[in-house]
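Line by line, the protein sequences give chains D and F. This note's numbering applies: residue 47 is where the first sequence begins, and numbers increase by one. This note's numbering applies: residue 357 is where the second sequence begins, and numbers increase by one. Please read the structure below before turning to the comments.
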Amino acid sequence: MAEPAIRRLLAGDDASAFRCGDPEYDLFLQRYAGQNQDRLFVGTTYAALDGPRVVGYVTVAVGQIDHGDIPGQARGRLPRYPLPVLRLARLAVDETFQGRGLGRRLAAYAFAVALQVQVAAGCIGVVVDALPGREGFYADLGFVEIELTSGQSPIRPQPVAMFLPLAPVEAALP
Amino acid sequence: MTHVTQISAQVSASAKQLLDEYSAVSGIKKSRIVEDALWFYVRARQELPESAIVPARLVVSARGAAAVEQSLAQPPPATPALVRLMRTLESPDAE
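Here it is as structure tokens:
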């Protein structure tokens, strides 16, 4: 059986039967991912397709890490200007494809997109919104938790923001 | 003439700096930038529910800033798990 191909979500993709186990993630794909991407340009969704059917997706958005008003000394050597990042905001796999490595492929795809953004527009790393219980998966990849004072994900239960610079991602390319 | 009024708001120093710099570079009046930004913001909120919007600005605490700084100053090596993950780009079966 061929593995699902991953590419940018298109208007004709069939997400109507997508069920990942979390209705909020299903609804986002079915109702908002398209307009988020094609009308408002505030995020892009990459879909894994089994024929015309979407069986997994990852949504990314450009963002920036800002030090806010941390006093100079506490800020350390973090620059005064905002640091561009790619935020991996949502990743979900249909129940029929769970446990087959598709979520890992979608994550790798998003990291590869971050490397493209780095070249095309500037990007220092990836921020993931790790769902409670999934922090260990991202920690194994090298991500570290970053405490935020604003800009937390609106998803509930609230994810943990974690950061990985792009140098190790580039080094890990096949 | 459109009726205009005045508002006052407490904002972060970095937001004020951004406004000042963008105004200086673009030549657009600060009042116009604020008004346009507000319309865009409200429009986006009306079209998408809160949960569907990914905040673009992540403001880190002092502890968060230290974690980012440390990661950038001394990037970690690619972990075996990351190498395995990125290998799936080459072959979906590589796990």
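Glycine included, every Cβ here is placed at the ideal spot set by N, Cα and C.
Contact set between residue i and chain D, taken where Cβ atoms lie within less than 7 Å
| i | result |
| --- | --- |
| leucine 428/F | Ile170 and Pro211 |
| valine 439/F | Ala218 |
| glutamate 446/F | Pro220 |
Cα-Cα separation, residue i to residue j
| i | j | result |
| --- | --- | --- |
| serine 379/F | glutamine 81/D | 30 Å |
| isoleucine 313/F | isoleucine 192/D | There is simply no residue 313/F to check, as chain F begins at 357 and stops at 451 in what is shown. |
| leucine 394/F | arginine 388/F | 10 Å |
| alanine 213/D | glycine 58/D | 36 Å |
| leucine 297/F | proline 433/F | A question about residue 297/F goes unanswered here, because the residues of chain F that appear run from 357 up to 451. |
| aspartate 68/D | lysine 386/F | 43 Å |
| glycine 73/D | valine 108/D | In the sequence as presented, glycine is not what sits at residue 73/D; that position holds leucine. Distance between the alpha carbons of leucine 73/D and valine 108/D: 22 Å. |
| tyrosine 397/F | alanine 371/F | 15 Å |
| proline 178/D | alanine 153/D | 17 Å |
| proline 220/D | alanine 365/F | 51 Å |
| tyrosine 92/D | glutamate 181/D | 22 Å |
| threonine 195/D | serine 368/F | 12 Å |
Beta-carbon gap between residue i and residue j smaller than 8 Å
| i | j | result |
| --- | --- | --- |
| phenylalanine 64/D | aspartate 140/D | yes |
| valine 173/D | phenylalanine 157/D | no |
| valine 88/D | isoleucine 111/D | no |
| threonine 435/F | leucine 134/D | no |
| leucine 428/F | proline 211/D | yes |
| proline 125/D | alanine 94/D | no |
| glycine 145/D | leucine 137/D | no |
| alanine 218/D | valine 439/F | yes |
| glycine 197/D | arginine 413/F | yes |
Chain-ordered neighbours of residue i on chain F, where CB pairs are closer than 8 Å
| i | result |
| --- | --- |
| valine 108/D | Ala412 |
| glutamate 193/D | Val416, Ser417, Arg419, Gly420 and Ala423 |
| serine 196/D | Pro411, Arg413, Leu414 and Val415 |
| phenylalanine 157/D | Leu441 and Met442 |
Inter-residue CB distance, residue i and residue j (contact presumed, cutoff 8 Å)
| i | j | result |
| --- | --- | --- |
| aspartate 60/D | valine 104/D | With 8 Å as the limit, aspartate 60/D and valine 104/D do not qualify as a contact, their Cβ atoms being about 18 Å apart. |
| isoleucine 52/D | tyrosine 184/D | Their Cβ separation, rounded to whole angstroms, is 20 Å, which puts isoleucine 52/D and tyrosine 184/D out of contact at 8 Å. |
| glutamate 70/D | serine 382/F | No, glutamate 70/D and serine 382/F are not in contact; Cβ-Cβ is about 38 Å, not under 8 Å. |
Within chain F, partners of residue i - CB distance below 9 Å
| i | result |
| --- | --- |
| glutamate 70/D | Ser407 |
| arginine 99/D | By Cβ distance, chain F contributes nothing, its closest Cβ being about 17 Å from arginine 99/D, past 9 Å. |
Cβ shell of residue i (< 7 Å), same chain only, five flanking positions each side left out
| i | result |
| --- | --- |
| cysteine 169/D | Pro130, Val131, Leu132, Ala160, Val163 and Leu212 |
Interface residues of chain F facing residue i [CB-CB closer than 7 Å]
| i | result |
| --- | --- |
| aspartate 186/D | Thr435 and Ala437 |
| alanine 145/D | Reading off the sequence, residue 145/D comes out as glycine, not alanine. In chain order: nothing, as chain F lies at least about 11 Å away. |
| alanine 226/D | A question about residue 226/D goes unanswered here, because the residues of chain D that appear run from 47 up to 220. |
| phenylalanine 74/D | Ala408 |
Same chain only: Cβ atoms within 8 Å of residue i, ignoring 5 sequence neighbours per side
| i | result |
| --- | --- |
| valine 424/F | Val416 |
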